[in-house]
Each structure stands twice: as C-alpha cells, then as structure tokens.
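Peer 1: Please read through the structure below; I'll follow up with questions.
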Amino acid sequence: MQVYTTPKLNKVKVTSDFWKRYRELVVKEVLPYQWKVMNDEADISISEDPQNNGQDKNSHAIANLKIAAGEMKGHHYGFPFQDTDVYKWLEAAAYSFGYHPNPDLKKITDNLIDLIAKAQDDDGYLSTYFQIDAPERKFKRLQQSHELYTMGHYIEAGVAYHHETGNEKALDIAKRMADCIDRNFGLEEGKIPGYDGHPEIELALSRLYEETGEKRYLDLAHYFLKQRGQDPAFFEKQIKADGDSTDRDLIPGMRDFKREYYLAAEPIKDQKVPHGHAVRVVYLCTGMAYVARYTGDKDLLAACDRFWNDIVKRQMYITGNIGQTTTGEAFTYDYDLPNDTDYGETCASVGMSFFARQMLNIHAKGEYADVLEKELFNGALSGMALDGKHFFYVNPLEADPVASKGNPGKSHVLTHRADWFGCACCPANLARLIASVDEYLYTVNGDTILSHQFISNDAEFDDGLKISQTNHFPWSGDIHYEISDPNEKSFKLGIRIPSWSANFDLEVNGSQKDLPVEDGFIYLHVDGKSLTIDLKLDMDVKIMRASNRVSADFGKVAVQRGPIVYAAEQADNQAPLSLYEVANDAKTDYHFDEKLLDGVGVVKVAAKRQKIDSDDAPLYVDSSKPVESEATDLTMIPYYAWANRENGQMRVWLNQ
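First residue of the sequence shown? That's 1 in the UniProt record's numbering, and the numbers climb one at a time after it.
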C-alpha cells in the first residue's frame with residue numbers, strides 16, 4: 001500500500017495577471033488612499049452613503065486612537081467600532097509585505113503598532129469609544145457595543161502582522177487583549193456569562209490559537225460559541241442594568257431587532273437556519289468552522305453544514321452576494337432574492353469567502369471552492385472600483401439612477417461607487433481579502449494537496465516540492481501545471497473541476513487521462529521527480545436560469561462564462577434595459593477587449609428589443625395588441641466591473 005505524506009505549504013507567489021493588477025492596486029492606491037481617509041487628510045464626500053447614520057463628517061479613526069493614547073485631546077467620533085477600520089487596513093498592509101516589500105509603508109505600520117500599544121489599557125482592554133467617553137460602561141451593553149468585535153479585528157491584524165513581519169509587539173497586543181477578555185468572560189464566579197452582539201471574536205481567537213499554540217484562546221472561542229443563546233434574554237438583562245432609556249443606546253435602533261438577528265434566540269446547536277445580519281452570520285460560521293475543526297465539536301460542525309446549505313442553496317445570489325434587505329443588512333427568507341433592492345453587502349461576500357475557506361479545511365468538497373471562486377470574481381470584487389478609491393457597500397443585481405433617486409425604498413442602491421462610508425467596514429475588508437488571496441489557493445487536507453482556485457501561482461512546499469500553475473484565467477480555461485518533486489515524496493493532488501464546467505479534458509505528461517470526479521475534484525498520485533498536467537475547462541457562454549422558486553427571476557435569464565457573471569450596462573446598450581428579451585438558446589459571441597475596463601472578456605448576446613411606448617401612450621392596454629420589436633445584440637461586461645464608466649442602468653437578470 002502506497003503511503004502518502006503531504007508536504008507543508010510554505011509560500012505561494014501569485015503570478016496571475018488578473019490578480020497581480022488588483023494586488024498592486026492595493027499597495028499603490030488602496031492602502032495610501034485609505035490611510036489618508038482615516039487620518040482625515042483626504043478630500044472625500046460621504047454624503048451619499050446609504051448607511052451613514054449621521055456619521056458624515058470624516059473618519060477620525062486614527063484621531064480616536066491618539067486621544068486614547070493621550071497624544072490628543074477630544075471626544076470619540078464615529079461608531080463604537082470605528083477602530084476596526086484601522087485594524088483591517090493594518091491587516092491588509094501586513095499581507096501586502098509578503099508580495100510587495102515597502103519600507104515607507106512598513107515605517108507607517110510599525111508606528112501604528114506603537115500607537116495602538118500606547119492606546120491599550122494596562123489590563124489589555126482596547127476600544128477607544130469606551131476608553132475616551134464611557135469607561136464606566138465597558139462590557140455593559142454587549143448587544144450594541146462591538147467591544148469584542150473590535151478587539152477581534154485587532155487580534156486578526158496582530159496575528160497577520162506578526163506572521164508577515166515577526167513584530168512581537170503586534171502579537172503581544174493581541175495576546176493581552178485576549179487575556180483581558182478571558183479574565184472577564186466565562187461561567188466562573190464574577191465573570192460575564194455572555195458574548196458580543198456581533199460575532200467576530202470567535203474566528204479571531206482561533207487564528208490567535210493557530211499563531212501561538214495557546215489552547216486557552218481556542219477554549220475561549222469555544223466558550224463564546226457554546227454560550228451564545230443559552231440565556232436568550234442576556235442582552236435585555238444587560239440593557240436593563242445599564243439603563244433602559246433609549247438615550248443610553250450606543251447605536252440607535254439596535255435594540256429593536258429580534259434575538260434571532262443577533263443569533264442569540266437559542267443555542268447554536270438548536271438553530272435550524274441562519275437569521276439576521278448577514279455579516280454576523282458568516283463571521284459566526286467562520287468561527288464555528290475553525291473551532292469545530294480543532295475541537296471535533298460535532299454540534300458546531302452540523303450547524304456549519306446546515307447554515308451553509310441554507311445560504312448557498314436558498315439565499316445566495318448568482319453573483320455570490322448574500323443578505324437581501326437594507327433593514328438590518330439581513331437575510332430574509334428562502335428564495336427571496338429581489339434584484340433591484342438587493343443589499344448584498346461587500347463585507348458579507350468577504351465573510352462568505354472566509355467561511356468557504358474554512359469549510360474546505362474540513363471537507364474536500366468542490367462546492368466550497370466553487371462558492372469561494374464565485375465570491376472572488378463576482379460578489380466581493382464588485383465592492384471596489386478599478387481605481388481602488390471608490391467603493392460599493394451595497395451590490396445590487398439591477399440598478400437605475402432614476403429609481404435610486406426617486407424611490408426611498410431603493411435609495412440604498414448607489415449606481416456609482418462612493419468615496420467612503422460613515423460605516424466604512426467594507427473598503428478595508430475587501431483590501432485584506434485581495435492582499436491575502438495567495439492563502440486561498442491551496443488546502444492541505446489529510447494526505448492530499450487540493451488545488452482549487454485557478455489563479456496562476458508558484459507554490460513552494462517542504463521537501464523541495466514546487467507546484468507552478470499558469471493560465472489566462474478567468475478569460476481562458478486552459479490550465480497548466482508543472483510539478484517539481486526532486487525528493488520524490490509521494491502525495492495526492494486534488495484538482496477541482498468547477499460545477500460550471502460540464503466537460504473537461506485532462507492530459508498528464510502529454511497523455512490523455514480519464515479520471516472520475518469525486519465531490520468536485522479529480523485526484524492524481526504524484527511520486528516522480530516531475531509531472532505536467534494540462535486541464536482544459538469548458539468556457540462556453542452559458543444562459544442561466546434560477547430555480548422557479550425564485551419569483552424575482554421567473555421568466556428571466558442571466559449570462560455566465562466560466563466563473564464570471566455578466567451584466568448589461570447602459571454605457572453599452574440603449575436604455576431602458578427592461579425592454580431587452582433574451583431567449584434560452586440565444587446566440588452568443590465572446591471576445592477579450594484589452595482596452596476596456598483594464599481588460600475584460602465581453603459577451604454579445606442576440607436579443608430582441610421592444611420599441612418603447614410614447615410618453616402619451618395609455619398606461620395599460622389590451623395585451624392582444626402587437627408590440628413592435630427589433631433584433632439586436634446586447635453587450636455584456638463582467639458584473640464586478642460595472643459602474644466604472646458613466647452613470648446609468650445595470651441588469652444581471654434579463655427578460656426572456
């Protein structure tokens with residue numbers, strides 16, 4: 001019997017032209033721009049932010065830290081979680097050092113670490129709102145305070161910064177935070193038997209455990225997950241003790257949501273499906289997957305599976321976006337997927353990427369990698385403009401500037417990306433995902449290396465093993481692998497066959513191979529000094545339909561090629577876009593335009609376009625009267641690239 005030993009993954013260098021452009025954009029544009037914004041040095045307008053809640057003056061995020069550190073005088077400005085903008089930015093910067101060393105940026109980030117250390121209380125606590133303006137209310141209103149959420153985001157940044165740079169102070173801040181939380185939370189006498197209203201600390205503590213090996217941090221993450229919902233009235237009891245007046249609320253309106261919104265109505269093991277705020281859900285799921293993998297907690301693993309299936313099979317847009325309603329940025333109900341009021345927060349797509357990655361660490365199933373790919377190339381990526389300086393919080397699948405301006409129910413849908421947001425969670429969240437995308441390409445699972453993302457890269461493992469993947473993905477489906485294994489360490493290699501590729505061709509060392517697909521992967525045994533693999537995926541343009549349970553998409557079709565979901569824009573097509581009809585068997589034509597939108601694949605679809613009624617035509621007419629239409633071509637661009645030109649209408653789902 002062949003014994004396989006899987007070499008440890010050491011380093012991945014992204015060589016993909018597509019992703020190198022975005023990763024360099026993070027270094028050259030995104031990080032400098034966001035640093036200026038957080039220091040209140042950028043000339044920005046956030047007046048059109050759909051979720052500004054009055055936080056429309058500036059960021060003040062660095063100033064808050066300086067006040068807490070005693071370097072400035074003043075009051076806290078912004079949301080209680082304003083610090084997290086800085087921490088996610090710091091995490092993105094840390095990852096960027098792995099592929100683009102930058103001494104000037106490193107000087108800024110090292111100084112920032114020093115500032116954060118100075119702002120941290122002696123006992124490890126750090127949340128500037130409470131330190132500056134409400135020290136007597138620490139941990140007193142956890143439904144709204146985001147204290148553990150805030151410290152969790154620093155812990156993630158500290159782990160990343162230490163991992164990439166070796167900076168011990170960055171990790172020490174994180175450990176002192178975790179120790180502070182550990183002293184204050186638990187079921188022992190004198191501790192708080194609760195948890196944060198916004199899950200995040202669970203995944204952060206899991207990452208701290210990975211970096212330090214300190215099991216106490218994993219145990220604390222496990223506690224938070226098991227304790228959630230054990231006392232459904234916990235938040236209400238805290239509010240009553242802290243002062244029941246709404247004047248005492250930290251974020252207006254937060255107490256109006258049901259317990260399900262906070263995933264606190266019952267223990268996680270009893271929750272059948274995820275409810276409430278979409279980002280809370282996927283951060284919680286990521287923490288559950290981490291802890292389930294390390295502890296073997298079967299209840300948490302079963303909850304991961306339940307939540308995954310409900311989100312992906314009943315509440316996810318074709319682009320990967322999740323969270324259907326602006327009210328609470330939340331999930332609604334199964335198969336409710338409206339396109340023109342869709343919320344689809346960028347952070348939720350980023351969080352879904354985290355969840356998918358952790359599920360791949362548990363199960364070698366292609367469906368997790370399919371969703372990760374869907375988010376990377378569609379749902380998450382649409383959150384940032386091609387210039388790296390404008391952002392979407394909300395990601396609709398249908399938009400019209402007239403509707404957004406004229407209908408209050410659609411005012412949250414922007415048709416051009418904003419400079420910044422009063423609640424600015426999304427820009428830095430997307431930056432840290434892009435900067436760390438090299439960590440999402442391989443999963444070492446038992447005796448197997450899974451190569452599940454077709455992003456060109458050079459990967460180095462222990463024992464001298466190197467795997468090089470080259471392609472022109474997502475525009476071409478020709479994937480080439482070169483494997484160098486000088487010490488002939490035998491292992492299994494799993495390569496994903498995407499669900500969108502109905503057919504594929506495989507050659508190994510130049511010879512045709514016919515291998516079975518097992519849970520979305522094909523497997524090869526590698527035991528020689530070198531190996532070449534050529535995989536050809538099906539990149540035909542697909543006309544897609546939704547389940548007929550999705551009433552919003554009944555009688556509509558969408559266009560997809562490979563992993564890329566396409567959208568029609570007014571910039572390329574005569575408005576209104578509602579007048580176009582596309583048949584199930586419509587003829588399509590694909591070409592790559594290197595000059596358009598920094599280089600994109602363009603799909604032209606044969607369509608019919610109805611003649612628009614005149615202004616004075618009756619509002620309603622007998623349907624037996626013929627409607628004039630003409631044959632035309634509908635030009636479509638990748639969804640992620642919409643709203644980078646003139647303002648106008650956009651549609652993903654088209655009338656049939």
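C-beta atoms are modelled at their ideal positions from N, C-alpha and C, and glycine is treated no differently.
Predicted model, so just to flag it, every value in this text is computed and none were measured.
#1: Is it the case that the stretch 412 to 423 contacts the stretch 19 to 31, given that we only count it when at least three CB pairs across the two stretches are under 8 Å?
#2: Taking the CB atoms as reference points, tell me whether C304 and M359 lie closer together than 8 Å.
#3: Quick check on DSSP: helix, strand or coil for D17?
#4: Considering only DSSP beta bridges, list what E630 is partnered with.
#5: On the CB-based measure, 16 or more other CB atoms within 10 Å of its CB, does V291 come out buried or exposed?
#6: Just list the residues that DSSP pairs R183 with in beta bridges.
#7: What is the residue span of the beta strand (DSSP E) that S511 lies within?
#8: Taking only three categories from DSSP, how would you classify R141?
#9: On the DSSP bridge assignment, give the partners of S484 in chain order.
#10: Nearest CA to the CA of K492: which residue from V444, K513, E460, D505?
#11: I'd like to check one pair, A289 with I362: are the Cβ atoms closer than 8 Å?
#12: Where residue 678 and E168 are concerned, what is the direct C-alpha to C-alpha distance, given to the nearest angstrom?
#13: Expressed to the nearest angstrom, what Euclidean distance is found between the alpha-carbon atoms of H452 and S245?
#14: For L465 and V517, what's the separation of their Cα atoms in angstroms?
#15: Beta-carbon separation of K587 and W653 under 8 Å?
#16: K107: buried (16+ other C-beta within 10 angstroms of its C-beta) or exposed?
#17: Please state whether DSSP places Q570 in a helix, a strand or coil.
#18: Could you check which residue in L397, I497, G320 has the C-alpha nearest to that of L414?
#19: Under 8 Å Cβ to Cβ from N584, same chain only, skipping five residues before and after it: list those, please.
#20: Using the rule of at least 16 other Cβ atoms within 10 Å of the residue's Cβ for burial, across every protein chain shown, is K88 buried or exposed?
#21: For E188, which beta-bridge partners are listed by DSSP?
#22: Between L70 and the rest of its own chain, which residues show a CB-CB distance below 8 Å, the 5 nearest in sequence each way excluded?
#23: Alpha carbons only, please: which of G388, G366, R357, L148 is nearest the one belonging to G197?
#24: Just reading off the beta strand (DSSP E) that I495 is part of, what are its end residues?
#25: Tell me, to the nearest whole angstrom, how far the beta carbon of L220 is from that of A264; I am working on the premise that it is less than 8 Å.
#26: Quickly, what does DSSP pair P638 with across the bridge? List them, please.
#27: Taking 8 Å as the cut-off, does the stretch 423 to 432 touch the stretch 467 to 484 (at least 3 CB pairs, one atom from each stretch)?
#28: Can you check DSSP and say which residues form a bridge with Y588?
#29: In whole angstroms, what separates the C-alpha of A424 from that of A575?
#30: To the nearest angstrom, report how far apart residue 660 and G124 are at their CA atoms.
#31: If you follow the beta strand (DSSP E) that N445 is in, where does it begin and where does it stop?
#32: Mind checking who Y523 pairs with in its DSSP beta bridge?
#33: If you follow the alpha helix (DSSP H) that S96 is in, where does it begin and where does it stop?
#34: Where DSSP assigns a beta bridge to S451, which residues make up the other side?
#35: Can at least three beta-carbon pairs, one atom from the stretch 209 to 217 and one from the stretch 249 to 257, be found at a separation below 8 Å?
#36: Quick check on the DSSP output: the beta strand (DSSP E) that includes R561 runs from which residue to which?
Peer 2: So, from the data block:
#1: No, the stretch 19 to 31 is not in contact with the stretch 412 to 423.
#2: It is a contact, given that the beta carbons lie within the stated cut-off.
#3: Residue state, collapsed to three classes: helix.
#4: The bridge partners DSSP lists for E630 are R609.
#5: By the Cβ neighbour-count rule, V291 is buried, with 16 or more other Cβ atoms within 10 Å of its own.
#6: None, per the DSSP bridge assignment.
#7: From DSSP, the beta strand (DSSP E) with S511 extends over 511 to 513.
#8: Residue state, collapsed to three classes: coil.
#9: Per DSSP, the beta-bridge partners of S484 are K466, S530.
#10: With distances taken between Cα atoms, K492 lies closest to V444.
#11: Closer than 8 Å, so yes.
#12: Because the chain spans 1 through 656 in this model, residue 678 falls outside it and cannot be assessed.
#13: The alpha-carbon separation between H452 and S245 amounts to approximately 52 Å.
#14: One alpha carbon belongs to L465, the other to V517, and they sit about 25 Å apart.
#15: No, the pair does not count as a contact, with Cβ atoms beyond the cut-off.
#16: Here K107 is exposed: its Cβ has fewer than 16 other Cβ atoms, across all protein chains shown, within 10 Å.
#17: In the three-state DSSP reduction, Q570 falls in the coil class, being neither helix nor strand.
#18: Closest by alpha carbon: L397.
#19: Taken in chain order, the residues that qualify are I543, R545, V557, Q656.
#20: By the 10 Å Cβ count, K88 comes out buried.
#21: In DSSP, E188 forms no bridge with anything.
#22: Per the sequence shown, the amino acid found at residue 70 is Gly instead of Leu. In the same chain as G70, and ignoring 5 residues on each side of it, the C-beta atoms closer than 8 Å to its own belong to K118, in chain order.
#23: Looking at the Cα atoms, L148 is the closest of the given residues.
#24: First-last of the beta strand (DSSP E) with I495: 491 to 496.
#25: That belief does not hold up - the Cβ atoms of L220 and A264 are roughly 18 Å apart, past 8 Å.
#26: The partner list for P638 (beta bridge, DSSP) reads Y566.
#27: No, the stretch 467 to 484 is not in contact with the stretch 423 to 432.
#28: The sequence given here has Thr at residue 588, not Tyr. BP columns for T588 point to V605.
#29: A575 has its alpha-carbon roughly 32 Å from the corresponding atom of A424.
#30: The question about residue 660 has no answer, for the chain in this structure spans 1 to 656.
#31: Counting along the chain, the beta strand (DSSP E) containing N445 begins and ends at 442 to 445.
#32: G494, per the DSSP bridge assignment.
#33: Element bounds for S96: 83 to 96.
#34: Per the DSSP secondary-structure output, S451 pairs in a beta bridge with Y442, I495.
#35: By the C-beta criterion, the stretch 209 to 217 is judged not to be in contact with the stretch 249 to 257, since fewer than 3 inter-stretch pairs fall below 8 Å.
#36: Secondary structure note for R561: its beta strand (DSSP E) is the uninterrupted segment 556 to 561.
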